[in-house]
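Novice: A single structure is presented below for examination.
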Amino acid sequence: MKARAALLILLISFSGALLAGTARIAVASNFTSTAQALANLFNQTSGHNVQVSSGSTGKLYIQIRHGAPFDLLLAADMERPQRLYKEGFADSEPFIYATGQLVLWSRDLADVSTGLDALKSPAIKRLAIANPKTAPYGTAARQVLDSLPFEFAGTLVTGDNIAQTYQFAASGNANAAFVASAQIVLDQRGYTWSVPQSLYSPLHQGALLLIHGNENQAAHAFYRFLRSDQARSVIQNYGYTTE
């Protein structure tokens, strides 16, 4: 009897291992920490495994178009996911999984809590933004700078993505930076000013199930998980809003 019970447990474990799968997710740099938190929770509760790869949305878009084997895309905009859908890289349209907030942040080198007028300060000699051509948060930062009633007199430092942009300010290589609010949720240092959303286009972030993930149970499960109350709660805790 004991031998049969042990065999039954072994068979159940083995069948569970067969059903478990791995999903590869391309994630916009601003959402990396949040995506990893979601992946950890999903892995623990589903038995599947999610692997997160991050980069600027523009570069991830190019990688996917050139055959990168990603099952899902979590972008920092809706433009690239919509474009991939129209180009035949997905069978269903993307949905908005989060909306981001742009902030002006300084580790401790300049008080930016006064808002855009802080950019007149001689304390801000180097200001970091993400590359507007490939990073949606960089596009938003560029829109804010273009709206200034004065010209920023310092040096503009461009990060490859929003993660590198944050590092410029965190390391002191820039006096301040336009970053995603999610990046400073866990970093209580320095000064922060939330940029009014009227100064830049909405940072609606799109999720897209790619054709490569059509037959992947783990990818489908994570795609559904993103819409759950559990996932929304995690996303909101990292400074995003959800619909």
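In terms of the numbering used here, the sequence shown opens at residue 401 and continues consecutively.
Glycine residues also receive a C-beta, built at the ideal position from the N, C-alpha and C atoms.
Given that a residue counts as buried once 16 or more other Cβ atoms are within 10 Å of its Cβ, and exposed if not, what is residue 622?
Specialist: Here residue 622 refers to the residue found at position 222 when the sequence shown is read from its first residue. Residue 622 is buried by the Cβ-count criterion.
Novice: For the alpha helix (DSSP H) containing residue 577, name the first residue and the last one.
Specialist: On the sequence shown, position 177 is the one that residue 577 refers to. No alpha helix (DSSP H) contains residue 577, which is instead part of the beta strand (DSSP E) from 576-580.
Novice: For residue 451, report the span of its beta strand (DSSP E) as first-last.
Specialist: Position 51 of the sequence shown, counting from 1, holds the residue named residue 451. Boundaries of the beta strand (DSSP E) around residue 451: 449-455.
Novice: Need the endpoints of the alpha helix (DSSP H) that residue 544 sits in, please.
Specialist: Counting from one through the sequence shown, the residue named residue 544 turns up at place 144. Annotation for residue 544: the continuous alpha helix (DSSP H) segment containing it runs 536-546.
Novice: Can you name, in chain order, every residue of its own chain whose Cβ lies under 7 Å from the Cβ of residue 619, other than the five neighbours on each side?
Specialist: The sequence position of residue 619 within the sequence shown is 219, counting from 1. 423, 471, 472, 609, 613, listed in sequence order.
Novice: Does DSSP classify residue 586 as helix, strand or coil?
Specialist: Along the sequence shown, read from residue 1 onward, the residue named residue 586 stands at position 186. The answer is coil: DSSP assigns residue 586 none of H, G, I, E or B.
Novice: Where does residue 642 sit, in a helix, a strand or coil, going by DSSP?
Specialist: Indexing the sequence shown from 1 puts residue 642 at position 242. Coil, per DSSP.
Novice: Alpha carbons only, please: which of 640, 592, 638, 605 is nearest the one belonging to residue 347?
Specialist: The chain is shown from 401 up to 643; residue 347 falls before or after that span and cannot be answered.
Novice: Is it buried or exposed for residue 455, if we count other Cβ within 10 angstroms and need 16 for buried?
Specialist: Here residue 455 refers to the residue found at position 55 of the sequence shown. Buried.
Novice: Spell out the partners DSSP gives residue 594 in its beta bridges.
Specialist: Taking the sequence shown and counting its residues from 1, the one referred to as residue 594 is at position 194. 503, per the DSSP bridge assignment.
Novice: Grouping DSSP H, G and I as helix and E and B as strand, with all else coil, what is residue 636?
Specialist: Here the question's residue 636 lines up with position 236 in the sequence shown. Looking at residue 636 - three-state DSSP - the assignment turns out to be helix.
Novice: Could you spell out where the alpha helix (DSSP H) holding residue 437 opens and where it closes?
Specialist: By one-based count along the sequence shown, residue 437 stands at place 37. Looking at the DSSP string, the run of the alpha helix (DSSP H) that includes residue 437 is 432-446.
Novice: If you draw a straight line from the C-alpha of residue 643 to the C-alpha of residue 439, how long is it?
Specialist: Within the sequence shown, the letter at position 243 stands for residue 643. Within the sequence shown, the letter at position 39 stands for residue 439. The alpha-carbon atoms of residue 643 and residue 439 are separated by roughly 20 Å.
Novice: What span of residues does the alpha helix (DSSP H) with residue 562 cover, start to end?
Specialist: Counting from one through the sequence shown, the residue named residue 562 turns up at place 162. Start and end: 562-571.
Novice: I think residue 563 touches residue 429, with their Cβ atoms under 8 Å apart; what is that distance to the nearest whole Å?
Specialist: On the sequence shown, residue 563 is found 163 positions in, with the first residue counted as 1. On the sequence shown, residue 429 is found 29 positions in, with the first residue counted as 1. With 8 Å as the limit, residue 563 and residue 429 qualify as a contact, their Cβ atoms being about 4 Å apart.
Novice: What is the C-beta distance between residue 537 and residue 582, in whole angstroms, given that I count them as a contact (C-beta under 8 Å)?
Specialist: As a first step, residue 537 must be located in the sequence shown, where it is residue number 137. As a first step, residue 582 must be located in the sequence shown, where it is residue number 182. Their Cβ separation, rounded to whole angstroms, is 10 Å, which puts residue 537 and residue 582 out of contact at 8 Å.
Novice: So for residue 620, helix, strand or coil by DSSP?
Specialist: Reading the sequence shown from its first residue, position 220 is the one you call residue 620. Three-state DSSP puts residue 620 in a helix.
Novice: Grouping DSSP H, G and I as helix and E and B as strand, with all else coil, what is residue 523?
Specialist: Translated into the one-based positions of the sequence shown, residue 523 becomes position 123. In the structure shown, residue 523 sits in coil (DSSP, three-state: anything other than H, G, I, E or B).
Novice: Among 630, 617, 577, 603, which residue has its Cα nearest to the Cα of residue 507?
Specialist: Taking the sequence shown and counting its residues from 1, the one referred to as residue 507 is at position 107. Here the closest residue by C-alpha is 577.
Novice: To which residues does DSSP link residue 604 through a beta bridge?
Specialist: Residue 604 sits at position 204 when you count from the first residue of the sequence shown. Under DSSP, the beta-bridge partners assigned to residue 604 are 499.
Novice: With distances taken from CA atoms, which of 485, 441, 425, 427 is nearest residue 629?
Specialist: By 1-based counting over the sequence shown, the position of residue 629 is 229. Comparing Cα-Cα distances from residue 629 to each of 485, 441, 425, 427, the minimum goes to 441.
Novice: Can you tell me where the alpha helix (DSSP H) with residue 626 in it begins and where it stops?
Specialist: Residue numbering aside, residue 626 sits at position 226 when the sequence shown is read from its first letter. No residue range can be given for residue 626, since it is assigned to no alpha helix (DSSP H) and is classified by DSSP as neither H nor E.
Novice: With H, G and I counted as helix, E and B as strand and the rest as coil, what does DSSP make of residue 610?
Specialist: The residue given as residue 610 occupies position 210 in the sequence shown. Of the three classes helix, strand and coil, the one that applies to residue 610 here is coil, per DSSP.
Novice: From the DSSP output, in three-state form, read off residue 426 for me.
Specialist: In the sequence shown, residue 426 corresponds to position 26, counting from 1. Residue state, collapsed to three classes: strand.
Novice: Would you kindly work out how many angstroms separate the C-alpha atoms of residue 418 and residue 463, rounded to a whole number?
Specialist: Start at 1 with the first residue of the sequence shown, and residue 418 comes out as number 18. Start at 1 with the first residue of the sequence shown, and residue 463 comes out as number 63. Because residue 418 sits at a pLDDT of 42, beneath the cut-off of 50, its placement in the model cannot be relied upon, and the following sentence gives the value as read from the coordinates. Taking the straight line joining both Cα atoms gives about 30 Å.
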